[in-house]
Amino acid sequence: MEIPLAQEIIFGLVIGSYIALGAIGFTLVYGLVNMINFAHGEFITVGAFVGYLAVVFGGLSIPMAVAVALAITAVVGWVIARVTFEPMNEAGAVPLLLMSIGLGLVLRNGFRVIAGADRRTIPRDVTTYRFDDWGFFVTSQQLFIIGVTLVAVVVLHVFLSRTMLGIAMRATSDNEDLALVSGIDTRRIRNAVWIAASGLAGVAGVMLAVSQSANPNVGFGQLLLIITAAILGGAGSPYGAIVGSYLLGIGITVSVAFLPSGLTELNATMAFVVLIVVLLVRPGGLVNAEVRTS
Amino acid sequence: MSRKETVGTDRRTFLAITGTGALTTVGLAGCIGTEDDGNGGNGGNGGNGGNGGNGGNGNGETPDTVVVGQPGSLTGTWDFLQPAASDATDLAVQQINDAGGPLDAEFEVNRQDTTVDPQQAREVLRQFIDSDGVAAINGLYSSEIEPLWEFIQEQEVPIITPWPGSTYLDTRGGDKGTDETDDDEWLWRTVIGDTVHTAGAAEAMIDEAGVERMAILSATSAGEEGWTRQFTSWYEELGGEIVEVISASEGQSSYQSQLNELFSNDFDAWALSFALEDAITILRNWEDGGYGGQLLMEDGLRDDSLIDEVGEQADGAWIAAGSTEGPNYDQFLSSYEEVSDEGLHPWAVAAYDATNIIALAIHHAGETSHEAIQRSIGAVSRPDGTTVTTFAEGKDALDNGDEINYEGAVTDCDFTEHGNVWGDVVVERVTPDGFETEFTISGDELQDEIDEY
């Protein structure tokens with residue numbers, strides 16, 4: 005039986021949404037703070053555990069848990085950044101990179117020591133909507149993750165294009181020194197970036213805890229795809245990260261249908277093949293610098 | 040709470056923390072490239088009689104303490120199986136010490152985390168052998184053993200492990216049934232191999248369930264691919280047809296497209312060969328898509344964690360694994376339930392047997408040299424001699440000058456010349472409350488079908 009392409013695209017949009025929520029924050033930090041944060045996956049894990057606690061012990065609905073995880077993870081991420089990354093702000097990219105790798109390891113194993121090895125799944129109530137005439141189905145959970153991501157994207161767009169803080173962020177991203185002499189409080193901008201990036205990671209964490217489980221590796225497991233999506237879209241570009249995430253997600257799912265059955269495990273590899281091709285043809289990523297800074 | 044219980048709990052907590060520290064250290068070392076080629080540690084094995092750090096020796100002197108190393112998965116993909124295995128091991132240690140210990144020495148298990156990573160397992164083994172002077176090893180997974188096989192052989196340290204089902208070990212390990220150690224391969228397992236339980240699972244599907252066409256969704260890790268390969272081989276040999284095998288890498292946020300691809304085929308039942316983390320996602324995706332169909336899951340998922348996490352989604356699925364119920368199971372179970380709340384699985388029971396056999400082999404050897412212990416493993420566990428089911432019984436019999444035959448909690452522990460054991464295979468039905476036996480295929484029946492094992 006042939007798998008309808010529409011079905012694969014829906015699955016791809018879902019996977020792309022998981023990736024996008026992480027990739028937007030990752031690329032914001034890269035663009036504004038000028039560091040590759042390998043601990044970003046652990047911020048997602050914080051969100052997963054907060055979401056779990058909010059639903060199971062707090063009795064909240066999953067949408068409410070998303071809001072709580074967004075707020076708490078934003079604060080946690082900001083505090084961590086203030087304590088670890090900000091004092092090293094002038095140290096350069098490599099020390100910051102090493103700090104993020106070390107911080108990721110410490111956080112990941114800290115979760116393990118505190119929470120143990122047990123998986124914790126969030127109870128869910130899923131409704132499946134079937135569109136047999138078109139040969140696909142979609143669940144309420146899938147619609148929720150796509151919807152939450154779309155809301156995040158719209159809010160981000162409005163924030164970056166219509167608010168003073170967002171415009172200042174873009175200015176700082178283009179040229180921090182120039183922004184500084186223009187009177188922009190770049191420290192305030194960095195704080196805002198950490199809060200936004202961590203908050204989005206928290207939302208991604210709740211989504212992953214619902215589909216998988218809250219466990220110490222849940223965020224780290226997504227990190228490679230998140231980084232790939234950010235680079236694919238054009239590192240530093242939130243819009244590019246969104247494009248890259250959905251291309252990656254759809255590429256992963258659609259390729260399953262086209263690969264021979266013995267090679268279906270190469271579906272994720274196919275996504276990286278796309279990345280390599282894009283980087284060879286367009287080294288700056290899909291969304292180029294002009295678009296990013298316009 | 041007794042002193043021993045307090046100490047045990049503190050030690051576990053301590054080991055969890057130190058294990059994590061070791062993971063961090065090794066992880067960082069890996070990042071900055073400080074690992075050497077890993078072959079430099081063999082010198083520490085010189086003179087297997089020398090477990091001097093623990094007072095053990097090969098000269099007939101009685102040590103104060105005998106230490107056994109337990110490489111475990113305190114973290115990593117299979118960490119959900121470790122708590123029960125640790126508790127079963129600790130139970131055996133407690134019973135062994137209550138009976139006076141091997142060689143009248145205090146018996147200890149030093150547990151360290153390998154994360155089921157071969158490189159880290161090599162470092163842990165090296166520490167056990169070179170620094171801790173362990174008498175024997177109780178652990179190691181298939182995915183650690185296969186890449187480290189030559190390294191393990193070079194160490195010449197007896198290893199009895201409850202974990203590996205790998206077919207790689209079907210013709211490797213054990214003592215070849217001779218008294219000499221020249222032809223020994225130093226590794227034994229107290230859990231039945233994949234060859235046996237996949238044969239049992241295939242037979243149950245064909246003969247008991249009447250399932251003639253199956254599809255498989257399999258992970259790409261060595262253990263899961265091995266299960267898939269073996270099951271496919273047996274199932275087709277028995278006349279069944281595998282219509283499709285979809286492979287997928289681990290750690291994906293959704294397996295919906297793989298399930299969709301799988302269910303585009305026509306079959307009577309489908310098999311799932313994944314570790315728990317991904318199995319949770321897949322079972323939720325399966326329910327969301329309303330695919331239906333009879334599901335058979337691999338043995339690694341036979342754990343209460345599955346019930347806790349997705350018992351409702353998996354309701355009605357089958358799971359094929361080695362039976363937990365060996366000759367001494369009831370006696371073990373009652374003791375285990377007094378000390379642990381962790382759900383039992385075959386590997387935990389096998390860990391109890393491995394610990395007892397190591398202690399009995401040390402007592403039989405009369406010393407803690409690796410060679411003497413290796414020579415004694417078959418001697419205390421194979422048929423002939425007084426049947427014993429606990430260390431206490433075995434120690435009494437050995438002190439009386441009798442030969443003994445340890446009958447285990449999970450199997451009868453009659454090792455083949457390759458260090459393998461036979462046991463029953465059970466197919467259970469998953470319910471939201473636990474596992475219920477559906478079919479049982481006896482180990483004796485399977486022995487007729489398997490040539491070399």
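Residue numbers (our numbering), protein chains in the order written: chain A, 5 to 298; chain B, 40 to 492.
Each residue gets a CB set at the ideal place from its N, CA and C atoms; glycine is no exception.
Because the structure is a prediction, the values reported are computed rather than measured.
Asked                                                                                                                       : Found
Proximal chain A residues relative to Ile255 of chain B, where beta-carbon distance stays under 8 Å                         : Chain A residues near Ile255 of chain B: none, gap ~10 Å exceeds 8 Å.
Local conformation of Ile71 of chain B per DSSP, three classes                                                              : Residue placement at Ile71 of chain B is flagged as unreliable, the pLDDT there being 35, under the threshold of 50; the coordinate-derived value follows with that caveat. Residue state, collapsed to three classes: coil.
Nearest residue (CA-CA) to Arg124 of chain A, options A:Val117, A:Ser165, A:Asn219, A:Ile23                                 : A:Asn219
Rounded distance between the beta-carbons of Thr259 of chain B and Glu410 of chain B, thought under 8 Å                     : At roughly 39 Å, the Cβ-Cβ gap does not stay under 8 Å, so Glu410 of chain B and Thr259 of chain B are not in contact.
Proximal residues to Ala351 of chain A (C-beta, below 7 Å), its chain only, five neighbours per side dropped                : Chain A is shown only over 5 to 298; residue 351 of chain A falls outside these bounds and no answer can be derived.
Residues, ordered as in the chain, of the region 272-298 of chain B that lie near chain A by beta-carbon distance below 9 Å : Glu283, Val284, Ile285, Ser286, Ala287, Ser288, Glu289, Gly290, Gln291, Ser292, Ser293, Gln295, Ser296, Gln297
Nearest-angstrom Cα separation, counted from Trp309 of chain B out to Gln333 of chain B                                     : 6 Å
Contact list for Ser344 of chain B against chain A, beta-carbon separation under 8 Å                                        : Asp122, Arg123
Delimiting residues of the beta strand (DSSP E) encompassing Thr470 of chain B                                              : 464-470
Any chain A beta carbon closer than 9 Å to Thr320 of chain B                                                                : yes
Between the CA atoms of Tyr368 of chain B and Ala498 of chain B - distance to the nearest angstrom                          : There is simply no residue 498 of chain B to check, as chain B begins at 40 and stops at 492 in what is shown.
C-alpha distance - Gly328 of chain B paired with Glu337 of chain B, whole-angstrom precision                                : 21 Å
DSSP state of Asp347 of chain B mapped onto helix, strand, coil                                                             : helix
Proximity test, Cβ basis, 9 Å: Glu491 of chain B and chain A                                                                : no
Neighbouring residues, chain A, relative to Gly140 of chain B (Cβ below 8 Å)                                                : Within chain A, no residue comes near Gly140 of chain B; the closest Cβ sits about 30 Å away, beyond 8 Å.
Segment contact, 8 Å Cβ cut-off, at least three pairs: the region 72-89 of chain A with the region 224-231 of chain A       : no
Opening and closing residue of the beta strand (DSSP E) in which Asn444 of chain B lies                                     : 443-445
Buried/exposed call for Gln370 of chain B, threshold 16 Cβ in 10 Å                                                          : exposed
Any C-beta of chain B under 9 Å from that of Asn221 of chain A                                                              : yes
Chain-ordered chain A contacts of Gly328 of chain B [CB-CB under 9 Å]                                                       : Thr132, Phe141, Thr143
C-beta atoms of Gln226 of chain A and Ser292 of chain B nearer than 9 Å                                                     : yes
Residue closest to Ala400 of chain B, alpha-carbon to alpha-carbon, out of B:Ile416, B:Glu477, B:Gly204                     : B:Ile416
Three-state secondary structure assigned by DSSP to Asp76 of chain B                                                        : Bear in mind that the predicted position of Asp76 of chain B carries a pLDDT of just 36, short of 50, making it unreliable; the figure below should be weighed with that in mind. Correct three-state label for Asp76 of chain B: coil.
Buried versus exposed call for Val277 of chain A [16 or more other C-beta atoms within 10 Å across all chains shown]        : exposed
With 16 other Cβ atoms within 10 Å as the buried cut-off, status of Pro201 of chain B                                       : buried
Residue-level contact to chain A via CB, Gly86 of chain B, 9 Å cutoff                                                       : Bear in mind that a pLDDT of 36 at Gly86 of chain B, under 50, signals an unreliable position, so the number given afterwards is only what the model happens to contain. So no, Gly86 of chain B is outside the interface.
Identified DSSP bridge partners for Ser257 of chain B                                                                       : B:Ser286, B:Ser312
Inter-residue CB distance, Ile319 of chain B and Leu301 of chain B (contact presumed, cutoff 8 Å)                           : 18 Å between Cβ atoms; not a contact.
Whether Glu224 of chain B touches Ala254 of chain B by CB criterion (9 Å)                                                   : no
Classification of Tyr133 of chain A by the beta-carbon crowding that lies within 10 angstroms, buried from 16 upward        : exposed
Near the ligand PLP: Phe306 of chain B beta-carbon under 8 Å from a heavy atom                                              : The ligand content of the structure shown is nil, which means the ligand PLP is not present either.
Assigned exposure category for Met244 of chain B - 16 Cβ within 10 Å defines buried                                         : buried
Helix, strand or coil at Asn149 of chain B according to DSSP, with G and I counted as helix                                 : strand
Inter-residue CB distance, Ile246 of chain A and Ala24 of chain A (contact presumed, cutoff 8 Å)                            : 5 Å
Segment contact, 8 Å Cβ cut-off, at least three pairs: the region 469-476 of chain B with the region 350-366 of chain B     : yes
Member of B:Thr210, B:Ile168, B:Thr217, B:Pro186 whose CA lies at the smallest distance from the CA of Ile198 of chain B    : B:Ile168
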